[in-house]
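2 protein chains.
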Amino acid sequence: MYVVCLDLETTLVPEFWIEIARATGIEELRRTTRDEPDYDLLMRQRIKTLREHGIGMDRIESIVAGVEPLPGAKDFLDALRAETQVILLSDTFRQFAHPMMEKLGWPTIFYNELSVDADGFIDGYHMRVDHMKLASVRALQSIGFDTMAVGDSFNDVEMIRASAHGWLIHGSQAVVAANPDIAHFDDYPSLLAAIERQLGA
Amino acid sequence: MYVVCLDLETTLVPEFWIEIARATGIEELRRTTRDEPDYDLLMRQRIKTLREHGIGMDRIESIVAGVEPLPGAKDFLDALRAETQVILLSDTFRQFAHPMMEKLGWPTIFYNELSVDADGFIDGYHMRVDHMKLASVRALQSIGFDTMAVGDSFNDVEMIRASAHGWLIHGSQAVVAANPDIAHFDDYPSLLAAIERQLGA
Numbered sequence: 472m473y474v475v476c477l478d479l480e481t482t483l484v485p486e487f488w489i490e491i492a493r494a495t496g497i498e499e500l501r502r503t504t505r506d507e508p509d510y511d512l513l514m515r516q517r518i519k520t521l522r523e524h525g526i527g528m529d530r531i532e533s534i535v536a537g538v539e540p541l542p543g544a545k546d547f548l549d550a551l552r553a554e555t556q557v558i559l560l561s562d563t564f565r566q567f568a569h570p571m572m573e574k575l576g577w578p579t580i581f582y583n584e585l586s587v588d589a590d591g592f593i594d595g596y597h598m599r600v601d602h603m604k605l606a607s608v609r610a611l612q613s614i615g616f617d618t619m620a621v622g623d624s625f626n627d628v629e630m631i632r633a634s635a636h637g638w639l640i641h642g643s644q645a646v647v648a649a650n651p652d653i654a655h656f657d658d659y660p661s662l663l664a665a666i667e668r669q670l671g672a
Numbered sequence: 472m473y474v475v476c477l478d479l480e481t482t483l484v485p486e487f488w489i490e491i492a493r494a495t496g497i498e499e500l501r502r503t504t505r506d507e508p509d510y511d512l513l514m515r516q517r518i519k520t521l522r523e524h525g526i527g528m529d530r531i532e533s534i535v536a537g538v539e540p541l542p543g544a545k546d547f548l549d550a551l552r553a554e555t556q557v558i559l560l561s562d563t564f565r566q567f568a569h570p571m572m573e574k575l576g577w578p579t580i581f582y583n584e585l586s587v588d589a590d591g592f593i594d595g596y597h598m599r600v601d602h603m604k605l606a607s608v609r610a611l612q613s614i615g616f617d618t619m620a621v622g623d624s625f626n627d628v629e630m631i632r633a634s635a636h637g638w639l640i641h642g643s644q645a646v647v648a649a650n651p652d653i654a655h656f657d658d659y660p661s662l663l664a665a666i667e668r669q670l671g672a
């Protein structure tokens, strides 16, 4: 019995920080862990930048509410949920992903949480557990499931390697080159077919 | 951050074995663990009874496809999924529950699996893990979630007691009397309000 664990951003939907950068015109918000490997420092810079520009949670909520799933993602997810159990594992935050979950038909998602101060500005974030994606597939395995995992980036590789089957989709050249043994797709029908082959095996 | 764990049968939908007994007219299929506490023996009797009556998986699939959620269950589940993460934890089987999951909008469900022989008769069952409901809430807690749990029967009490908050719904007199410290509801709006109070706390 399988649970298929899917990353969210770039895998099924656009990157929320990029969309926020685009909508606000704040170029610094395009920085990722590729530019600043220390995630906590990166997050503190983002929080500081938003406050300096007077961007509160209300504005962010209205931006993320306008983001749409990648073309074909909803059909892929609908087809997959009709065949097996699916959980989205994402390092993003509830406040960013919530409107997207309605658009995707309320799949189950494990994500993190931002805290907001009395003035409506983001003032911190709460991660439930270290290496959340890996820890989550191990927790599912501990109750008798096999897992399959799909993602696009370096922080998805752990859960892919810890799973019975796994794939990259929409991966950057760097992550694909660094993981030549993990099959990589750029379209959902090929990914769905690969998953279905394992479900039927 | 919460995951709300919901039992399925009697909690959200009718008991599948009772529906199969009703549709086939086979009274023995109404026997439950209240009549035969040894679950494995009960399941082997059910499998034998179905074969003796010539009831194969095809017939069962057409019966369970006709079962509808309890009145109000879909609205309750829709409202809850828009507010928090929900996973259904059920001791029933994929083959029984699958059509119902479509009717409920494909919530994530952890269930078990029947095996079917070459002639189309059920010939066994596979449980992923002992005390599945308790093991599942503990697995969720191990990755940093708090859990809430809701069910109707004695085999739900473990997950309710292991969770931060829990309730009975549609419980029998016996299970309610044996657990006077667990609040019991007979309607979804009261249950939803209780869950929302904890989500907002």
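Chains as they are written, first to last, in the working numbering: chain G, 472 to 672; chain S, 472 to 672.
Even glycine gets a Cβ: it sits at the ideal position worked out from N, Cα and C.
Apart from the 5 residues on each side of it in sequence, T481(G) sits with its Cβ closer than 7 Å to the Cβ of D623, S624, H641 in its chain, given in chain order. For M598(S), there is no enclosing alpha helix (DSSP H), as DSSP marks it with neither H nor E. A550(S) sits in a helix when the DSSP states are folded into three classes. For G543(S), the closest of L663(S), D562(S), Q669(S), I531(S) by C-alpha to C-alpha distance is L663(S). For V628(S), the uninterrupted alpha helix (DSSP H) segment begins and ends at 625-632. Rounded to whole angstroms, D509(S) and V621(G) show a C-alpha spacing of 40 Å. Taking a 10 Å sphere around the C-beta of R505(S), we find fewer than 16 other C-beta atoms and assign the residue as exposed. At least one CB atom of chain S sits nearer than 9 Å to the CB of I558(G).
In this structure L479(G) is in contact with L559(G), their Cβ atoms being roughly 5 Å apart against a cut-off of 8 Å. Per DSSP, reduced to three states, the secondary structure at H655(G) is strand.
Within 8 Å of the CB of A620(S), no CB atom of chain G is found; the nearest one sits about 15 Å away. Residues of the stretch 605-639 of chain S with a Cβ closer than 8 Å to any Cβ of chain G, in chain order: A606, S607, A610, L611, S613, I614, G615, F616.
The Cβ atoms of L575(S) and L548(S) sit closer than 9 Å to each other. Taken in chain order, the complete alpha helix (DSSP H) segments of 4 or more residues contained in the stretch 520-576 of chain S are 528-536, 544-552, 565-574. Residue pairing for E480(G): DSSP places it in a beta bridge opposite V484(G). R517(G) and I593(G) have their C-alpha atoms spaced approximately 9 Å apart. Against chain G, the CB of E523(S) has no partner CB under 9 Å away; the residue lies outside that interface. The criterion of a C-beta distance shorter than 9 Å is satisfied by A633(G) and R609(G). Chain order gives no chain S residues near E532(G), where near means a beta carbon separation below 7 Å; the closest approach is about 15 Å. Separation of I497(S) and G527(S) (C-alpha to C-alpha, rounded to the nearest whole angstrom) is 14 Å. Distance from the CA atom of V475(G) to the CA atom of I614(G), rounded to whole angstroms, is 14 Å.
The criterion of a C-beta distance shorter than 9 Å is not satisfied by E507(S) and L500(S).
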